[in-house]
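For reference, the structure is listed below as C-alpha coordinates.
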Amino acid sequence: MTISNTLKEKIAVQVIRTLYHQFEKFPNDVSSNRNAPFHEAFVKAFSYNLNGKVSSIPTLISLSSWLHGLNTSLGQSFFENTAHILCGGEKREFTTSKRNNLPIEQEQKDFISKIITDLSNGNKMPSLANENNMIFQKVLTSNLVEGTDFTADVFYENDTEIVCIEIKTVKPNKGIFRVEKQKILEAKAALKNRYPQKNISYFLAFPFDPLSDIPCGYNKKRFMDYSVGFTKYFDENEILLAGEFWDYLSGVEGTMEAILEIINTIATPHFMNELTFLSEPQNRITQRQDYLDLLEKWFLFQEHFLVMHIDEISKKITNKNDERMLNQSCFKEGEYKSDRVQHLLRLLSK
1 MTISNTLKEK IAVQVIRTLY HQFEKFPNDV SSNRNAPFHE AFVKAFSYNL NGKVSSIPTL
61 ISLSSWLHGL NTSLGQSFFE NTAHILCGGE KREFTTSKRN NLPIEQEQKD FISKIITDLS
121 NGNKMPSLAN ENNMIFQKVL TSNLVEGTDF TADVFYENDT EIVCIEIKTV KPNKGIFRVE
181 KQKILEAKAA LKNRYPQKNI SYFLAFPFDP LSDIPCGYNK KRFMDYSVGF TKYFDENEIL
241 LAGEFWDYLS GVEGTMEAIL EIINTIATPH FMNELTFLSE PQNRITQRQD YLDLLEKWFL
301 FQEHFLVMHI DEISKKITNK NDERMLNQSC FKEGEYKSDR VQHLLRLLSK
(Lines of atoms letter the chains of each structure in order from A and count residues from 1; the text may use other names and numbers.)
(Lines give C-alpha, C1' and ligand atoms only; values in the text may rest on other atoms or scores of the structure.)
Protein backbone atom coordinates (compact mmCIF):
# COMPACT_ATOMS: atom_id res chain seq x y z
CA MET A 1 0.00 0.00 0.00
CA THR A 2 1.20 3.50 -0.80
CA ILE A 3 -0.14 7.03 -0.52
CA SER A 4 -2.87 8.00 -2.98
CA ASN A 5 -2.28 9.65 -6.36
CA THR A 6 -4.06 12.73 -5.03
CA LEU A 7 -1.45 13.10 -2.28
CA LYS A 8 1.39 12.31 -4.67
CA GLU A 9 0.23 15.07 -7.00
CA LYS A 10 0.00 17.62 -4.21
CA ILE A 11 3.49 16.72 -3.01
CA ALA A 12 4.79 16.90 -6.59
CA VAL A 13 3.45 20.46 -6.83
CA GLN A 14 5.45 21.33 -3.70
CA VAL A 15 8.57 19.75 -5.20
CA ILE A 16 8.16 21.72 -8.44
CA ARG A 17 7.65 24.99 -6.57
CA THR A 18 10.73 24.40 -4.40
CA LEU A 19 12.94 23.40 -7.32
CA TYR A 20 11.87 26.34 -9.46
CA HIS A 21 12.69 28.91 -6.81
CA GLN A 22 16.02 27.24 -6.03
CA PHE A 23 16.98 27.24 -9.72
CA GLU A 24 16.09 30.94 -9.84
CA LYS A 25 18.42 31.61 -6.90
CA PHE A 26 21.29 29.39 -8.02
CA PRO A 27 24.56 31.41 -8.21
CA ASN A 28 25.55 30.80 -11.83
CA ASP A 29 27.61 33.99 -11.84
CA VAL A 30 29.83 34.26 -8.75
CA SER A 31 30.97 37.72 -9.84
CA SER A 32 27.62 38.99 -8.60
CA ASN A 33 28.22 37.44 -5.17
CA ARG A 34 27.44 39.74 -2.27
CA ASN A 35 30.42 41.19 -0.43
CA ALA A 36 31.66 38.75 2.23
CA PRO A 37 35.16 39.92 3.20
CA PHE A 38 35.30 38.17 6.59
CA HIS A 39 34.20 34.82 5.14
CA GLU A 40 36.74 35.09 2.32
CA ALA A 41 39.52 36.05 4.72
CA PHE A 42 38.92 33.04 6.98
CA VAL A 43 38.29 30.55 4.18
CA LYS A 44 41.63 31.40 2.54
CA ALA A 45 43.29 29.45 5.36
CA PHE A 46 41.72 26.31 3.87
CA SER A 47 42.92 26.88 0.31
CA TYR A 48 45.06 23.72 0.27
CA ASN A 49 42.21 21.64 1.72
CA LEU A 50 39.79 22.97 -0.89
CA ASN A 51 42.14 22.53 -3.83
CA GLY A 52 40.47 20.34 -6.44
CA LYS A 53 37.15 20.39 -4.61
CA VAL A 54 35.82 23.84 -5.57
CA SER A 55 36.89 26.14 -8.39
CA SER A 56 37.34 29.21 -6.19
CA ILE A 57 36.62 30.61 -2.74
CA PRO A 58 33.91 33.01 -4.05
CA THR A 59 32.22 30.00 -5.66
CA LEU A 60 32.28 28.11 -2.36
CA ILE A 61 30.78 31.08 -0.50
CA SER A 62 28.07 31.53 -3.12
CA LEU A 63 27.16 27.84 -3.06
CA SER A 64 27.16 27.79 0.74
CA SER A 65 24.77 30.74 0.80
CA TRP A 66 22.53 29.04 -1.76
CA LEU A 67 22.56 25.76 0.18
CA HIS A 68 21.64 27.63 3.36
CA GLY A 69 18.67 29.06 1.46
CA LEU A 70 17.65 25.56 0.36
CA ASN A 71 17.84 24.32 3.96
CA THR A 72 15.64 27.21 5.05
CA SER A 73 13.16 26.56 2.25
CA LEU A 74 12.91 22.87 3.14
CA GLY A 75 12.49 23.58 6.85
CA GLN A 76 10.05 26.48 6.65
CA SER A 77 8.08 25.50 3.57
CA PHE A 78 8.49 22.08 1.99
CA PHE A 79 8.46 19.90 5.11
CA GLU A 80 5.56 21.80 6.68
CA ASN A 81 3.45 21.90 3.52
CA THR A 82 4.06 18.23 2.81
CA ALA A 83 3.11 17.35 6.39
CA HIS A 84 -0.15 19.32 6.03
CA ILE A 85 -0.92 17.51 2.78
CA LEU A 86 -0.40 14.08 4.33
CA CYS A 87 -2.53 14.58 7.45
CA GLY A 88 -4.98 17.32 6.46
CA GLY A 89 -3.55 19.56 9.16
CA GLU A 90 -2.44 23.18 9.32
CA LYS A 91 -0.06 25.50 11.12
CA ARG A 92 -1.75 26.88 14.25
CA GLU A 93 -0.55 29.64 16.58
CA PHE A 94 -1.71 29.97 20.18
CA THR A 95 -0.10 33.28 21.04
CA THR A 96 -0.85 36.54 22.78
CA SER A 97 -0.22 38.49 19.58
CA LYS A 98 -2.90 36.42 17.82
CA ARG A 99 -5.23 36.92 20.81
CA ASN A 100 -5.72 33.20 21.27
CA ASN A 101 -3.20 32.39 24.00
CA LEU A 102 -4.56 29.45 26.01
CA PRO A 103 -4.80 29.85 29.80
CA ILE A 104 -3.48 27.22 32.19
CA GLU A 105 -4.36 26.37 35.77
CA GLN A 106 -1.84 27.58 38.35
CA GLU A 107 -1.83 24.08 39.83
CA GLN A 108 -0.88 22.66 36.42
CA LYS A 109 1.89 25.23 36.15
CA ASP A 110 3.20 24.14 39.56
CA PHE A 111 3.12 20.47 38.50
CA ILE A 112 5.07 21.36 35.36
CA SER A 113 7.69 23.29 37.33
CA LYS A 114 8.18 20.24 39.54
CA ILE A 115 8.50 17.94 36.52
CA ILE A 116 11.13 20.21 34.94
CA THR A 117 13.06 20.49 38.21
CA ASP A 118 13.08 16.72 38.69
CA LEU A 119 14.25 16.16 35.11
CA SER A 120 16.94 18.85 35.39
CA ASN A 121 18.29 17.39 38.63
CA GLY A 122 18.17 13.84 37.30
CA ASN A 123 15.76 12.80 40.04
CA LYS A 124 13.40 11.31 37.46
CA MET A 125 13.58 10.00 33.93
CA PRO A 126 11.19 11.45 31.35
CA SER A 127 7.94 9.47 31.14
CA LEU A 128 5.18 10.57 28.79
CA ALA A 129 2.51 8.56 30.60
CA ASN A 130 3.43 9.75 34.12
CA GLU A 131 3.78 13.38 33.06
CA ASN A 132 0.42 13.34 31.30
CA ASN A 133 -1.22 11.89 34.41
CA MET A 134 0.17 14.76 36.47
CA ILE A 135 -0.74 17.66 34.20
CA PHE A 136 -4.12 16.33 33.02
CA GLN A 137 -5.62 15.62 36.44
CA LYS A 138 -8.61 17.75 37.35
CA VAL A 139 -7.81 20.58 39.77
CA LEU A 140 -9.89 21.15 42.90
CA THR A 141 -9.94 24.94 42.71
CA SER A 142 -9.68 26.76 39.39
CA ASN A 143 -7.11 29.56 39.19
CA LEU A 144 -6.39 30.28 35.54
CA VAL A 145 -3.21 32.12 34.57
CA GLU A 146 -1.70 33.03 31.22
CA GLY A 147 -0.07 30.11 29.45
CA THR A 148 3.10 30.06 27.39
CA ASP A 149 2.75 31.08 23.74
CA PHE A 150 3.28 28.20 21.33
CA THR A 151 3.00 27.44 17.64
CA ALA A 152 2.35 23.99 16.22
CA ASP A 153 3.85 23.54 12.75
CA VAL A 154 1.26 20.82 12.26
CA PHE A 155 -2.08 20.86 14.07
CA TYR A 156 -5.05 18.61 13.44
CA GLU A 157 -8.00 17.28 15.35
CA ASN A 158 -10.70 14.67 14.96
CA ASP A 159 -13.51 13.40 17.16
CA THR A 160 -11.16 11.86 19.72
CA GLU A 161 -7.80 13.64 19.63
CA ILE A 162 -5.77 16.80 19.15
CA VAL A 163 -2.31 16.36 17.62
CA CYS A 164 0.39 19.04 17.61
CA ILE A 165 3.77 18.60 15.95
CA GLU A 166 6.80 20.87 15.86
CA ILE A 167 9.16 20.09 12.98
CA LYS A 168 12.75 20.61 14.08
CA THR A 169 16.15 20.75 12.43
CA VAL A 170 17.97 17.42 12.57
CA LYS A 171 20.81 19.17 14.42
CA PRO A 172 19.03 20.82 17.37
CA ASN A 173 20.93 23.44 19.33
CA LYS A 174 22.32 22.67 22.77
CA GLY A 175 20.23 23.90 25.65
CA ILE A 176 16.88 24.00 23.86
CA PHE A 177 15.45 20.84 25.36
CA ARG A 178 14.53 22.17 28.80
CA VAL A 179 12.75 25.16 27.26
CA GLU A 180 11.02 22.99 24.66
CA LYS A 181 9.88 20.49 27.28
CA GLN A 182 8.37 23.16 29.52
CA LYS A 183 6.59 24.78 26.59
CA ILE A 184 5.18 21.46 25.41
CA LEU A 185 3.95 20.48 28.88
CA GLU A 186 2.19 23.83 29.28
CA ALA A 187 0.76 23.57 25.77
CA LYS A 188 -0.65 20.10 26.45
CA ALA A 189 -2.16 21.19 29.76
CA ALA A 190 -3.76 24.25 28.14
CA LEU A 191 -5.12 22.21 25.24
CA LYS A 192 -6.57 19.65 27.66
CA ASN A 193 -8.38 22.46 29.45
CA ARG A 194 -9.81 23.64 26.14
CA TYR A 195 -10.67 20.14 24.86
CA PRO A 196 -11.25 18.06 28.03
CA GLN A 197 -12.89 15.13 26.20
CA LYS A 198 -10.05 14.63 23.72
CA ASN A 199 -6.67 12.93 23.89
CA ILE A 200 -3.83 15.43 23.54
CA SER A 201 -0.56 14.55 21.78
CA TYR A 202 2.38 16.86 21.19
CA PHE A 203 5.47 15.67 19.31
CA LEU A 204 8.85 16.94 18.23
CA ALA A 205 9.48 15.68 14.70
CA PHE A 206 12.66 15.35 12.66
CA PRO A 207 12.25 14.78 8.89
CA PHE A 208 15.21 12.39 8.58
CA ASP A 209 17.97 10.78 10.64
CA PRO A 210 21.37 12.24 9.63
CA LEU A 211 23.13 9.38 11.44
CA SER A 212 21.47 6.63 9.41
CA ASP A 213 23.34 4.72 6.69
CA ILE A 214 20.21 4.51 4.52
CA PRO A 215 17.98 7.41 3.41
CA CYS A 216 14.80 6.35 5.21
CA GLY A 217 16.36 4.49 8.13
CA TYR A 218 16.52 5.70 11.70
CA ASN A 219 17.67 4.77 15.17
CA LYS A 220 15.82 6.91 17.69
CA LYS A 221 17.97 6.09 20.71
CA ARG A 222 21.20 6.85 18.84
CA PHE A 223 19.73 10.06 17.42
CA MET A 224 18.60 11.29 20.83
CA ASP A 225 21.91 10.34 22.48
CA TYR A 226 23.72 12.39 19.83
CA SER A 227 22.33 15.69 21.20
CA VAL A 228 23.35 16.76 24.71
CA GLY A 229 20.38 16.90 27.07
CA PHE A 230 17.84 15.32 24.72
CA THR A 231 17.24 12.09 26.67
CA LYS A 232 17.33 14.03 29.93
CA TYR A 233 14.07 15.78 29.10
CA PHE A 234 12.26 13.73 26.46
CA ASP A 235 10.70 10.30 26.36
CA GLU A 236 11.23 8.46 23.05
CA ASN A 237 7.44 8.41 22.69
CA GLU A 238 7.44 12.20 22.33
CA ILE A 239 9.67 12.04 19.25
CA LEU A 240 8.84 11.21 15.63
CA LEU A 241 11.90 10.54 13.47
CA ALA A 242 12.41 10.02 9.73
CA GLY A 243 10.11 7.37 8.23
CA GLU A 244 8.21 7.06 11.51
CA PHE A 245 7.24 10.75 11.24
CA TRP A 246 6.00 10.61 7.65
CA ASP A 247 4.16 7.31 8.19
CA TYR A 248 2.47 8.77 11.28
CA LEU A 249 1.14 11.70 9.25
CA SER A 250 -0.25 9.64 6.38
CA GLY A 251 -1.16 6.47 8.22
CA VAL A 252 0.57 4.57 5.40
CA GLU A 253 3.84 2.66 5.70
CA GLY A 254 6.58 3.69 3.27
CA THR A 255 5.50 7.33 2.97
CA MET A 256 9.03 8.74 3.24
CA GLU A 257 10.11 6.43 0.41
CA ALA A 258 7.19 7.69 -1.69
CA ILE A 259 8.13 11.34 -1.04
CA LEU A 260 11.76 10.71 -2.04
CA GLU A 261 10.63 8.86 -5.17
CA ILE A 262 8.62 11.92 -6.22
CA ILE A 263 11.56 14.25 -5.57
CA ASN A 264 14.09 12.02 -7.33
CA THR A 265 11.83 11.67 -10.36
CA ILE A 266 11.28 15.40 -10.82
CA ALA A 267 14.60 16.76 -9.55
CA THR A 268 16.88 16.10 -12.52
CA PRO A 269 19.28 18.37 -14.45
CA HIS A 270 16.52 18.59 -17.10
CA PHE A 271 14.01 20.07 -14.67
CA MET A 272 13.88 23.62 -16.05
CA ASN A 273 13.66 22.42 -19.66
CA GLU A 274 10.86 20.02 -18.76
CA LEU A 275 9.01 22.72 -16.83
CA THR A 276 9.32 25.05 -19.82
CA PHE A 277 7.93 22.30 -22.05
CA LEU A 278 4.90 21.78 -19.79
CA SER A 279 4.36 25.53 -19.50
CA GLU A 280 3.83 25.90 -23.26
CA PRO A 281 0.09 25.25 -23.96
CA GLN A 282 0.68 24.51 -27.65
CA ASN A 283 2.70 21.41 -26.73
CA ARG A 284 -0.52 19.76 -25.52
CA ILE A 285 -1.55 19.61 -29.18
CA THR A 286 1.65 19.48 -31.22
CA GLN A 287 3.55 17.06 -28.95
CA ARG A 288 0.63 15.47 -27.17
CA GLN A 289 2.14 12.09 -26.29
CA ASP A 290 5.39 13.57 -24.98
CA TYR A 291 3.32 16.04 -22.99
CA LEU A 292 1.17 13.28 -21.50
CA ASP A 293 4.21 11.15 -20.69
CA LEU A 294 5.88 13.99 -18.81
CA LEU A 295 2.71 14.80 -16.88
CA GLU A 296 2.48 11.18 -15.76
CA LYS A 297 6.18 11.10 -14.90
CA TRP A 298 5.74 14.23 -12.76
CA PHE A 299 2.66 12.79 -10.98
CA LEU A 300 0.40 15.56 -12.38
CA PHE A 301 -2.57 13.24 -12.74
CA GLN A 302 -5.33 15.86 -12.95
CA GLU A 303 -3.52 17.74 -15.71
CA HIS A 304 -3.02 14.42 -17.50
CA PHE A 305 -6.76 13.75 -17.24
CA LEU A 306 -7.58 17.20 -18.66
CA VAL A 307 -5.27 16.79 -21.65
CA MET A 308 -6.75 13.35 -22.33
CA HIS A 309 -10.20 14.98 -22.46
CA ILE A 310 -9.23 18.25 -24.10
CA ASP A 311 -11.58 17.71 -27.05
CA GLU A 312 -14.55 17.13 -24.74
CA ILE A 313 -13.69 20.26 -22.76
CA SER A 314 -13.46 22.30 -25.97
CA LYS A 315 -16.98 21.24 -26.95
CA LYS A 316 -18.37 22.44 -23.60
CA ILE A 317 -16.88 25.92 -23.80
CA THR A 318 -19.62 28.56 -23.93
CA ASN A 319 -17.77 31.77 -23.09
CA LYS A 320 -14.44 33.55 -23.48
CA ASN A 321 -13.40 32.90 -19.88
CA ASP A 322 -13.65 29.13 -20.32
CA GLU A 323 -11.67 29.36 -23.54
CA ARG A 324 -8.95 31.42 -21.89
CA MET A 325 -8.74 29.00 -18.97
CA LEU A 326 -8.27 26.07 -21.33
CA ASN A 327 -5.52 27.87 -23.25
CA GLN A 328 -3.61 29.05 -20.20
CA SER A 329 -0.24 27.66 -19.21
CA CYS A 330 -0.56 25.22 -16.31
CA PHE A 331 2.34 26.92 -14.47
CA LYS A 332 3.28 30.47 -13.62
CA GLU A 333 6.74 31.02 -12.14
CA GLY A 334 6.82 27.51 -10.74
CA GLU A 335 3.33 27.71 -9.24
CA TYR A 336 0.79 25.16 -10.45
CA LYS A 337 -2.53 26.81 -11.37
CA SER A 338 -4.83 24.59 -9.33
CA ASP A 339 -7.75 27.05 -9.64
CA ARG A 340 -7.57 26.63 -13.42
CA VAL A 341 -7.62 22.84 -13.02
CA GLN A 342 -10.70 22.93 -10.81
CA HIS A 343 -12.47 25.29 -13.23
CA LEU A 344 -11.84 22.95 -16.17
CA LEU A 345 -12.83 19.86 -14.20
CA ARG A 346 -16.14 21.51 -13.31
CA LEU A 347 -16.62 22.44 -16.95
CA LEU A 348 -15.94 18.86 -18.05
CA SER A 349 -18.43 17.46 -15.51
CA LYS A 350 -21.35 19.53 -16.88
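When you line the sequence shown up against full-length UniProt numbering, it's residues 1 to 350, in that order.
Idealized CB from N, CA, C, for every residue including glycine.
Go to Ala-152, then tell me how far its beta strand (DSSP E) extends in each direction, as first and last residue.
Working through the sequence shown from its first residue, we reach residue 152 at position 152. Where Ala-152 is concerned, the enclosing beta strand (DSSP E) stretches over 150–157.
Let me know the secondary structure DSSP gives Cys-216 once reduced to three states.
Sequence index remark: in the sequence shown, residue 216 carries index 216 (1-based). In the three-state scheme derived from DSSP, where H, G and I count as helix and E and B as strand, Cys-216 is classed as coil.
Using three-state DSSP, classify Val-341 as helix, strand or coil.
Taking the sequence shown and counting its residues from 1, one reaches residue 341 at position 341. In this structure, Val-341 counts as helix in the three-state DSSP scheme.
Would you report the Cα separation of Asn-327 and Ile-266, rounded to the nearest angstrom?
On the sequence shown, residue 327 is found 327 positions in, with the first residue counted as 1. On the sequence shown, residue 266 is found 266 positions in, with the first residue counted as 1. Asn-327 and Ile-266 have their C-alpha atoms roughly 24 Å apart.
How should Thr-96 be labelled, buried or exposed, when 16 other C-beta atoms within 10 angstroms of its C-beta is the threshold for buried?
What you label residue 96 is simply residue 96 of the sequence shown in a count that begins at 1. That one is exposed.
Per-residue DSSP class, three states only, for Arg-194
Position 194 of the sequence shown holds residue 194. DSSP places Arg-194 in helix when its eight states are reduced to three.
Per DSSP, the bridge partner or partners of Val-145:
Looking up residue 145 in the sequence shown gives position 145. Paired residues: Ile-104.
Only counting runs of 3 or more residues, tell me where the beta strand (DSSP E) segments fall wholly within the region 84–128, in order along the chain.
90–94 and 103–105
If we ignore side chains and look at the alpha-carbon of each, how far apart do Gln-282 and Ile-11 end up?
Residue numbering aside, residue 282 sits at position 282 when the sequence shown is read from its first letter. Residue numbering aside, residue 11 sits at position 11 when the sequence shown is read from its first letter. So the alpha carbons of these two residues sit roughly 26 Å apart.
Secondary structure of Ser-201, DSSP reduced to three states:
Residue 201 sits at position 201 when you count from the first residue of the sequence shown. In the structure shown, Ser-201 sits in a strand (DSSP, three-state: E or B).
Phe-331 - DSSP class collapsed to helix/strand/coil
The residue labelled residue 331 in the question sits at position 331 within the sequence shown. Three-state result, Phe-331: strand.
Just to confirm my understanding: we take Tyr-226, look at its own chain, exclude 5 residues before and 5 after, and list those with CB closer than 8 Å. What are they?
Locating residue 226 in the sequence shown gives position 226, where the first residue counts as 1. Same-chain partners within the cutoff: Leu-211.
Suppose the cutoff is 6 Å on Cβ atoms and the five residues either side in sequence are ignored; what does the same chain contact list for Phe-331 look like?
Position 331 of the sequence shown, counting from 1, holds the residue named residue 331. Excluding sequence neighbours, Phe-331 sits near Ser-279.
DSSP state of Ile-165, grouped into three classes?
Reading the sequence shown from its first residue, position 165 is the one you call residue 165. Strand.
Got a sec, what are the start and stop residues for the alpha helix (DSSP H) Leu-211 sits in?
To locate residue 211, count along the sequence shown from 1; it is residue 211. First-last for Leu-211: undefined, no H or E at that position.
Residues near Ser-127 in its chain [Cβ-Cβ closer than 8 Å; skip 5 each side]:
Counting from one through the sequence shown, the residue named residue 127 turns up at place 127. For Ser-127, where only same-chain residues beyond five positions count, the Cβ hits under 8 Å are Asp-235.
Measure the alpha-carbon distance for Asp-209 versus Glu-40 and round it to whole angstroms.
Locating residue 209 in the sequence shown gives position 209, counting from the first residue. Locating residue 40 in the sequence shown gives position 40, counting from the first residue. Straight-line Cα distance between these residues: approximately 32 Å.
Reduced DSSP category for Leu-300 - H, G, I as helix; E, B as strand; rest coil
Position 300 of the sequence shown, counted from the first residue, corresponds to residue 300. Of the three classes helix, strand and coil, the one that applies to Leu-300 here is coil, per DSSP.
Compare the C-alpha of Ala-129 against each of Thr-141, Thr-117, Leu-185 and Gly-89 and name the closest.
Translated into positions along the sequence shown, residue 129 becomes position 129. If we check each option's Cα against that of Ala-129, Leu-185 comes out closest.
Bounding residues of the alpha helix (DSSP H) (the contiguous stretch that carries Ile-57)
In the sequence shown, the residue the question calls residue 57 occupies position 57. 57–73 is the span of the alpha helix (DSSP H), which, as asked, contains Ile-57.
Give me, in chain order, the residues of the same chain whose beta-carbon lies closer than 8 Å to that of Asn-143; leave out the 5 immediate sequence neighbours on both sides.
If you number the sequence shown from 1, residue 143 lands on position 143. Taken in chain order, the residues that qualify are Glu-105, Gln-106 and Glu-107.
Are Leu-102 and Arg-178 close, meaning C-beta to C-beta below 7 Å?
Along the sequence shown, one-based indexing puts residue 102 at 102. Along the sequence shown, one-based indexing puts residue 178 at 178. No, the Cβ-Cβ distance between Leu-102 and Arg-178 is not below 7 Å.
Close Cβ partners of Glu-335 (< 7 Å) along its chain, the five nearest in sequence each way excluded
Residue mapping note: residue 335 aligns to position 335 of the sequence shown, counting from 1. These residues qualify, in order along the chain: Arg-17.
Using three-state DSSP, classify Leu-140 as helix, strand or coil.
For the purposes of this step, residue 140 is taken as the residue at position 140 of the sequence shown. If DSSP states are grouped into helix, strand and coil, Leu-140 belongs with coil.
Ile-262 - containing alpha helix (DSSP H), residue span:
Position 262 of the sequence shown, counted from the start, is the residue given in the question as residue 262. First-last of the alpha helix (DSSP H) with Ile-262: 255–266.
Under the rule that 16 or more other beta-carbon atoms within 10 Å means buried, what is Val-15, buried or exposed?
As a first step, residue 15 must be located in the sequence shown, where it is residue number 15. Classification for Val-15: buried.
Comparing alpha-carbon positions, which option in Lys-297, Asp-322 and Ile-3 lies nearest Leu-348?
Translated into positions along the sequence shown, residue 348 becomes position 348. Considering only alpha carbons, the answer is Asp-322.
Looking at C-alpha atoms only, which residue of Asp-247, Ala-205, Glu-157 and Ile-112 is the closest neighbour of Ile-135?
One-based indexing of the sequence shown puts residue 135 at position 135. The alpha carbon of Ile-135 has as its nearest neighbour, out of Asp-247, Ala-205, Glu-157 and Ile-112, the alpha carbon of Ile-112.
I'd like the list of long-range same chain contacts for Lys-297, defined as Cβ closer than 7 Å, with 5 residues on each side in sequence excluded.
Position 297 of the sequence shown, counted from the first residue, corresponds to residue 297. Excluding positions up to five away in sequence, the list reads Thr-265.
Could you tell me how far apart the beta carbons of Met-272 and Phe-23 are, in whole angstroms, since I believe they sit closer than 8 Å?
Locating residue 272 in the sequence shown gives position 272, where the first residue counts as 1. Locating residue 23 in the sequence shown gives position 23, where the first residue counts as 1. In this structure Met-272 is in contact with Phe-23, their Cβ atoms being roughly 6 Å apart against a cut-off of 8 Å.
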